[in-house]
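Q: Numbering (the numbering used here), first residue to last: -11 to 342.
Using N, Cα and C, we set each Cβ at its ideal position, and we do this for glycine too.
Values in this document were obtained by computation on a predicted structure and should not be read as measured data.
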């Protein structure tokens, strides 16, 4: 088996940017991907196996069952959700590729949960999307610890599509709309002081399953992850809590764009620089609604959550993921005389924006 894998890796290395010699250990975080972009349940299973093998990177409470956070970020499993939508009465959806899915942590208090649901549906309607329905995410709470259970949110998914087919000419335009909807919902929920509410993800591309778990509990708790039609071409996984906050369901990882191990030494300065630049924010797509994006960095988040907030904002502004990442984690370009001039110019230009 090992010989077959080594042979496969050598073949891959010869026709892609991947080189097995670059493989290194990661501290509680990683990803699995099919380099051809083919979605399968096998990739999801491999990602879960990987995060389980990183269980030693996490912590565990005195009850011996409450973890400090584990999760997985995948592509939206459209075939799986098509079956779930059929159960909701939507057997034929023409624009399934424009299906948007929100993964939401609700407060367990009925009145607060229904008020939050009303806010969500109202904002979605204003943005000309159609709510296909709500789905309570099936979980097995018997596998988690007492402390995890006592703080467990009600976990539901909301399904949306554009009211008119092909209403969005570009995929990025749709993602920006979903991003704006989420930020507007968060703004209004905060205005109403509704606690214990969090949107793990709201996208037409990706979805996050995470919680106050130990990695081996992930698939046992979230029953969806064990379904053979839950398919993805990649899985980003995380087991280990960030270093500057107390564990809770909302700050478990991965976040909406990344899994990250924190320990950012310049955290306070970074947050203040972002806050200082919010007054000058403008964008033709967001227009006057850009104020809903503020604050870019959600208060009370971990260092990794803050990094994810800014990475998401830069990407939604029109930059690709690599571009945004290089802005946030630049090389030491000022003291590298042999750096290519175009690279130096890239970093010098963006130093004016950072």
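Which residues in the same chain have their Cβ closer than 8 Å to the Cβ of residue 201, if we skip the five residues on either side of it in sequence?
A: If we look at residue 201 and ignore the five residues flanking it on each side, its Cβ neighbours are 55, 57, 58, 59, 132, 136, 209 and 240.
Q: Take residue 106 as the anchor and find which of 261, 146 and 68 has the nearest alpha-carbon.
A: 146
Q: Considering residue 122, what are the terminal residues of the beta strand (DSSP E) in which it resides?
A: 117 to 124
Q: In terms of residue numbering, what span does the beta strand (DSSP E) encompassing residue 309 cover?
A: Looking at the DSSP string, residue 309 is not in any beta strand (DSSP E); the run it does join, the alpha helix (DSSP H), is 309 to 316.
Q: Output the boundary residues of the beta strand (DSSP E) element that contains residue 190.
A: 186 to 191
Q: Determine, using beta carbons only, whether residue 73 and residue 171 come nearer to each other than 8 Å.
A: Contact: no.
Q: Could you give the residue range of the beta strand (DSSP E) that holds residue 147?
A: 142 to 150
Q: When the Cα atoms are used, what is the spatial distance from residue 185 to residue 222?
A: 28 Å
Q: So residue 203 packs on residue 42, CB below 8 Å; how close in whole Å?
A: 6 Å
Q: Quick check: the Cα distance between residue 199 and residue 188, rounded to an integer number of angstroms?
A: 10 Å
Q: Have a look at the DSSP bridge pairing and note the partners of residue 89.
A: 147 and 191
Q: Quick test of your reading: residue 278 and residue 262, contact by CB under 8 Å. State the CB separation rounded to the nearest angstrom.
A: Contact flag wrong, Cβ pair sits at about 14 Å.
Q: Taking the Cβ atom as the reference point for each residue, do residue 180 and residue 96 lie within a distance shorter than 8 Å?
A: The answer is no: Cβ separation not under 8 Å.
Q: Quick check on residue 343: buried or exposed, where buried means 16 or more other Cβ atoms within 10 Å of its Cβ?
A: Residue 343 is absent from the structure shown; the chain starts at -11 and stops at 342.
Q: CB residue 207 to CB residue 217, shorter than 8 Å?
A: no
Q: Apart from the five residues on each side of it in sequence, which residues of its chain come closer than 8 Å, Cβ to Cβ, to residue 46?
A: 16, 55, 56, 57, 58, 202, 203, 227, 228 and 229
Q: Residue range of the alpha helix (DSSP H) that residue 303 falls in?
A: 291 to 304
Q: Apply the 10 Å Cβ neighbour rule to residue 251 and answer buried if 16 or more other Cβ atoms are within range, or exposed otherwise.
A: exposed
Q: State the DSSP-derived secondary structure class of residue 269, mapped to helix, strand or coil.
A: coil
Q: Is the Cβ-Cβ distance between residue 117 and residue 89 less than 8 Å?
A: no
Q: Residue 224 and residue 242 - do their beta-carbons sit closer together than 8 Å?
A: yes
Q: Can you give me the start and stop residues for the beta strand (DSSP E) that residue 280 sits inside?
A: Here residue 280 belongs to no beta strand (DSSP E), and DSSP marks it neither H nor E.
Q: What is the DSSP secondary structure of residue 29, counted as helix, strand or coil?
A: helix
Q: Short of 6 Å in beta carbon distance, which residues of its chain neighbour residue 304, apart from the five on each side in sequence? Order them along the chain.
A: Excluding sequence neighbours, residue 304 sits near 164 and 167.
Q: Could you tell me whether the Cβ atoms of residue 65 and residue 219 are closer together than 8 Å?
A: yes
Q: DSSP on residue 227, reduced to helix/strand/coil?
A: In this structure, residue 227 counts as strand in the three-state DSSP scheme.
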